[in-house]
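Chains as they are written, first to last, in the numbering used here: chain F, 8 to 117; chain G, 54 to 169.
For glycine and all other residues, C-beta sits at the position ideal for the given N, C-alpha and C.
Fair warning: this is a prediction, and the values are worked out from it, not measured in the lab.
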């Protein structure tokens with residue numbers, strides 16, 4: 008059984024602030040972790056992934072995430088958010104079909 | 054590249070009616086996935102095809118739900134005798150061959166099903 012936990016349901020930040028979205032997982036197989044973003048009324052878009060190698064992975068639009076095996080975590084970060092980053096962010100673990108967390112809604116204010 | 058196409062975007066059915074949802078994956082993608090999204094349950098995996106063959110349907114409700122992929126250019130999700138609790142956004146996604154490391158999934162805009 009695989010589970011994904013995103014501890015924050017909603018995060019509010021101001022433009023230019025940094026943000027970290029937390030993701031913890033449990034999975035017994037080979038780890039494949041990813042983050043997706045969903046803007047209001049849209050489908051999900053892939054941000055980044057970790058499978059092996061460097062635990063810090065870079066994604067689109069300045070996002071990065073860091074894998075920690077000891078903490079079973081894959082937190083997403085951005086150094087300086089823009090209003091267009093307002094969306095719901097989903098962490099996922101998979102072998103094939105993705106298992107998602109419940110998502111973190113990020114609201115960016117000017 | 055038009056991305057993953059899902060039709061219809063919105064569908065309203067009466068309780069007990071049948072609903073068929075369509076998905077056209079990205080050309081060249083060999084894996085197709087179906088998910089369901091609700092406020093309460095979040096995103097749930099339903100089923101997955103690879104090269105048109107059903108691989109994993111562990112997320113599909115055992116009754117009333119079925120999925121097919123008759124050719125490489127489209128997949129359908131059929132719900133018989135729809136119930137109000139089937140109301141959700143149904144998302145289709147496709148990806149390159151998973152065995153070759155192509156695991157990023159590309160999602161369609163979804164079909165919002167409302168069962169009255």
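- Beyond the five residues adjoining it in sequence on each side, residue 94 of chain F comes within less than 7 Å, by CB distance, of 44, 45, 46 and 113 in the same chain, given in chain order.
- The C-alpha of residue 77 of chain F is placed about 42 Å away from the C-alpha of residue 126 of chain G.
- Contacts with chain F at 8 Å (Cβ-Cβ) include residue 144 of chain G.
- Per the C-alpha coordinates, the member of F/49, F/88 and F/62 positioned closest to residue 69 of chain F is F/88.
- In this structure, the CA atom of residue 138 of chain G is about 16 Å from the CA atom of residue 63 of chain G.
- Within chain F, the residues placing a beta-carbon under 9 Å from that of residue 161 of chain G are 50, ordered along the chain.
- Under the Cβ criterion of 8 Å, residue 74 of chain F is not counted among the residues facing chain G.
- The contact set of residue 107 of chain F on chain G, defined by CB atoms closer than 7 Å, consists of 95 and 96 in chain order.
- The three-state reading of DSSP puts residue 57 of chain G in coil, since its state is none of H, G, I, E or B.
- Per the coordinates, the alpha-carbon of residue 74 of chain F lies some 42 Å from the alpha-carbon of residue 65 of chain G.
- Beta-bridge partners assigned by DSSP to residue 159 of chain G: G/147.
- Under the three-pair Cβ rule at 8 Å, the stretch 86-103 of chain G does not count as touching the stretch 52-68 of chain F.
- Taking 8 Å as the cut-off, the Cβ atoms of residue 99 of chain F and residue 41 of chain F count as close.
- Contact note: residue 156 of chain G reaches chain F through 39, 41, 56, 58 and 101, using a C-beta cutoff of 8 Å and chain order.
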